[in-house]
Amino acid sequence: MSHSPRRGLSIFARTFVLLAVALLTAQGVGIALLVLRTPVYEPPVHPPEVVALLSTRMPAGTRSLTVTDHTQAPSPPVGQVRDRVAEMLLAHWLGVDRQRMRFYRSADARGDAGSLPASADAARSAVSEGSSGLPADWENERLTPAVPLLDGFTAALQQPDGRWRTVQSPPRRLSAEFKTHVVLLFLAGLLVNVPLAWWFSRALSAPIQRFAEAADRLGRNPEAPALQRSGPPEIVRAADSFNAMQARLNRLINERTHMVAAIAHDLRTPLARLSFRLDDLQPPLREKALADLEEMKAMISAALDFIQNDRHRGARAPLDLRLLVESVVDNATDIGADAALLPGPAITLEGDPLALRRAVMNLLENALKYGQRPRLHLQRDGEDGVLWIDDDGPGIDPMQREQLLLPFVRGESSRNRGTGGIGLGLSVAHSIVLAHGGDLRLDNRAEGGLRVTVRLPCMPERR
Numbered sequence: 001m002s003h004s005p006r007r008g009l010s011i012f013a014r015t016f017v018l019l020a021v022a023l024l025t026a027q028g029v030g031i032a033l034l035v036l037r038t039p040v041y042e043p044p045v046h047p048p049e050v051v052a053l054l055s056t057r058m059p060a061g062t063r064s065l066t067v068t069d070h071t072q073a074p075s076p077p078v079g080q081v082r083d084r085v086a087e088m089l090l091a092h093w094l095g096v097d098r099q100r101m102r103f104y105r106s107a108d109a110r111g112d113a114g115s116l117p118a119s120a121d122a123a124r125s126a127v128s129e130g131s132s133g134l135p136a137d138w139e140n141e142r143l144t145p146a147v148p149l150l151d152g153f154t155a156a157l158q159q160p161d162g163r164w165r166t167v168q169s170p171p172r173r174l175s176a177e178f179k180t181h182v183v184l185l186f187l188a189g190l191l192v193n194v195p196l197a198w199w200f201s202r203a204l205s206a207p208i209q210r211f212a213e214a215a216d217r218l219g220r221n222p223e224a225p226a227l228q229r230s231g232p233p234e235i236v237r238a239a240d241s242f243n244a245m246q247a248r249l250n251r252l253i254n255e256r257t258h259m260v261a262a263i264a265h266d267l268r269t270p271l272a273r274l275s276f277r278l279d280d281l282q283p284p285l286r287e288k289a290l291a292d293l294e295e296m297k298a299m300i301s302a303a304l305d306f307i308q309n310d311r312h313r314g315a316r317a318p319l320d321l322r323l324l325v326e327s328v329v330d331n332a333t334d335i336g337a338d339a340a341l342l343p344g345p346a347i348t349l350e351g352d353p354l355a356l357r358r359a360v361m362n363l364l365e366n367a368l369k370y371g372q373r374p375r376l377h378l379q380r381d382g383e384d385g386v387l388w389i390d391d392d393g394p395g396i397d398p399m400q401r402e403q404l405l406l407p408f409v410r411g412e413s414s415r416n417r418g419t420g421g422i423g424l425g426l427s428v429a430h431s432i433v434l435a436h437g438g439d440l441r442l443d444n445r446a447e448g449g450l451r452v453t454v455r456l457p458c459m460p461e462r463r
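Structural data, given as structure tokens:
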């Protein structure tokens with residue numbers, strides 16, 4: 001009985017909401033920076049502030065400026081060059097001889113964006129020639145006190161006592177307030193978007209993950225539980241289609257099974273009549289015909305057993321796979337078989353004990369019948385338990401590796417048909433292993449013989 005699915009937003013709506021919230025958050029960060037009017041860089045220094053600091057004992061008004069006193073004139077700092085024009089300007093404003101003034105600016109400063117603006121070529125020419133006069137246009141608009149000193153500079157003035165008072169400013173940098181606001185707004189955006197992105201990714205991937213798990217279960221067991229109808233409407237419709245496909249597969253499998261069982265059962269009656277009529281044949285021909293009939297009866301019985309075991313599965317419970325394999329090997333050695341189980345760890349899994357025992361028995365009997373001296377080795381590999389069964393037989397044709405796992409298929413070129421069997425042993429074992437979520441492989445060993453690898457999911461190890 002189907003239940004109504006849990007409704008939710010469609011995949012389109014979820015994607016739209018995620019992108020819309022992300023864009024709105026980005027816009028909010030930009031608007032917040034605009035509204036807060038956070039200065040991007042530290043406030044610039046203007047020439048009047050430098051003049052005041054050099055001519056008085058007033059402390060620096062900003063954290064970017066440092067004021068120190070030295071006994072000698074400062075040397076040019078690394079990355080700065082002396083600007084004699086700026087020295088003349090500051091000396092002019094301070095009313096002192098320019099020999100008592102030192103000014104160093106950034107070597108890569110531009111005239112319109114660095115330290116004191118570079119003066120006209122005529123003014124520089126006059127200074128370089130040692131002239132003590134100032135050009136007529138000295139007080140032009142580029143040399144006014146309102147022009148900020150944006151780049152790093154060093155200004156020094158020799159005091160009346162002979163000491164040099166120095167004012168230094170590092171290159172312009174981002175303000176601490178701006179950095180703080182950017183970090184806080186970025187974190188706020190993360191707090192909004194990360195949970196939303198996590199919710200969206202989980203909501204979108206969970207149904208897809210359930211699809212993958214359901215498809216894997218269906219491949220191993222057609223009677224696995226139906227896929228849950230939940231999630232976005234698109235996923236619900238896909239789940240309905242998947243469940244309908246699973247129902248059709250089960251119906252086809254059941255119809256095929258019933259048909260094969262009916263045919264096998266009905267064949268017993270004509271075979272019984274044939275066996276009575278063979279009494280009139282001559283002994284040599286009668287013996288051959290009876291042998292063929294017995295083989296057909298064995299095939300029919302095996303087919304019915306195969307169908308019966310495939311349709312009826314036992315209850316599953318935790319079991320020790322090593323103990324199960326060991327008991328199968330002990331039973332074989334008790335009747336004279338040359339088989340051995342190598343030492344290894346205990347492996348616990350949840351399964352049908354009778355079915356797993358039958359699978360191991362079929363594989364061991366196959367190795368004893370077609371190979372020699374089978375050795376069984378059981379180890380844990382991550383979350384799986386792996387059983388290897390090695391023999392010293394002729395091996396198999398690599399081209400038939402997959403076909404040999406199908407019902408009623410025998411390796412004619414590599415296995416002796418005279419040993420008997422109708423090709424159901426490997427198929428039954430393979431079906432049981434698949435039903436337990438495992439895998440079975442056939443590989444030829446490099447040193448000769450066949451290796452059967454059985455991989456089954458295990459229960460977590462106890463700590």
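Residue numbers (our numbering): 1 to 463.
Note that beta-carbon positions come from the ideal geometry of N, C-alpha and C, so glycine has one too.
Quick check on the burial criterion: 16 or more other C-beta atoms within 10 angstroms. Buried or exposed for residue i?
i	result
PRO232	buried
GLY371	buried
GLN99	exposed
ASP279	exposed
TYR41	exposed
GLN80	buried
ILE347	buried
PHE12	exposed
ARG251	exposed
ALA355	buried
CYS458	buried
ASP83	buried
ARG173	exposed
GLN246	buried
HIS258	exposed
MET101	buried
GLU141	The predicted model places GLU141 with a pLDDT of 42, which falls under 50 and marks its position as unreliable; any figure quoted below should be read in that light. Label assigned to GLU141: exposed.
ASP121	Since pLDDT at ASP121 reaches only 43, below the 50 mark, its modelled position is unreliable, and no value is offered.
GLY382	exposed
PRO283	exposed
THR15	exposed
VAL50	buried
ASN254	exposed
ALA332	buried
MET88	buried
SER205	exposed
SER75	exposed
Once the 5 residues before and after residue i are set aside, which same chain residues still bring their CB inside 7 Å of it?
i	result
ASP390	PRO374, ARG375, ARG445, GLY449 and ARG451
LEU274	LEU293
ARG163	ASP69, HIS70 and THR71
PRO77	TYR104 and THR154
State yes or no: is the C-beta of residue i nearer than 7 Å to some heavy atom of the ligand ADP?
i	result
GLY393	The ligand ADP is not among the ligands present in this structure, which contains no ligands whatsoever.
My assumption, with CB atoms under 8 Å, is that residue i sits in contact with residue j. Please give the rounded CB distance.
i	j	result
SER169	VAL45	6 Å
LEU525	LEU378	Residue coverage of the chain in this structure runs from 1 to 463, which leaves residue 525 outside it and unanswerable.
LEU323	ARG357	In fact, because the Cβ distance is near 11 Å, the residues do not count as touching under 8 Å.
LEU18	ALA197	7 Å
VAL360	VAL409	Contact flag wrong, Cβ pair sits at about 21 Å.
Taking the beta strand (DSSP E) that residue i falls in, what are its first and last residues?
i	result
MET101	101-106
SER169	164-169
PRO160	Taken as a continuous stretch (DSSP letters only), PRO160 belongs to no beta strand (DSSP E), as it is neither H nor E.
LEU324	No beta strand (DSSP E) contains LEU324, which is instead part of the alpha helix (DSSP H) from 321-334.
VAL452	450-457
GLN228	Premise fails: GLN228 is in no beta strand (DSSP E) and is neither H nor E.
ILE396	Segment: none, ILE396 is in no beta strand (DSSP E) and carries neither H nor E.
GLY385	384-390
THR71	First-last for THR71: undefined, no H or E at that position.
ASP381	375-381
LEU442	439-444
Identify the continuous alpha helix (DSSP H) that holds residue i and give its terminal residues.
i	result
GLU402	Per DSSP, GLU402 belongs to no alpha helix (DSSP H) and is neither H nor E.
ALA429	425-435
SER275	233-277
ARG358	353-370
HIS92	84-94
LEU53	47-55
Please work out which residues of its chain come closer than 6 Å, Cβ to Cβ, to residue i, disregarding the five sequence neighbours upstream and downstream, and give them in chain order.
i	result
TRP199	none
THR180	none
GLY344	LEU378 and GLN379
ASP443	ARG451
GLN209	none
CB-CB under 8 Å to residue i, same chain, minus the five flanking residues each way: which ones, in chain order?
i	result
ALA146	HIS46
ASN530	The question about residue 530 has no answer, for the chain in this structure spans 1 to 463.
Does residue i get closer than 8 Å to chain B when you measure Cβ to Cβ?
i	result
LEU450	Chain labels in this structure do not include chain B; a single protein chain is all it has.
Would you be able to state if there are at least three C-beta pairs under 8 Å between the region 49-58 and the region 86-98?
yes
For the pair the region 399-408 and the region 361-369, tell me if three or more CB-CB distances fall below 8 Å.
no
Contact between the region 297-306 and the region 262-273 (3+ Cβ pairs under 8 Å):
yes
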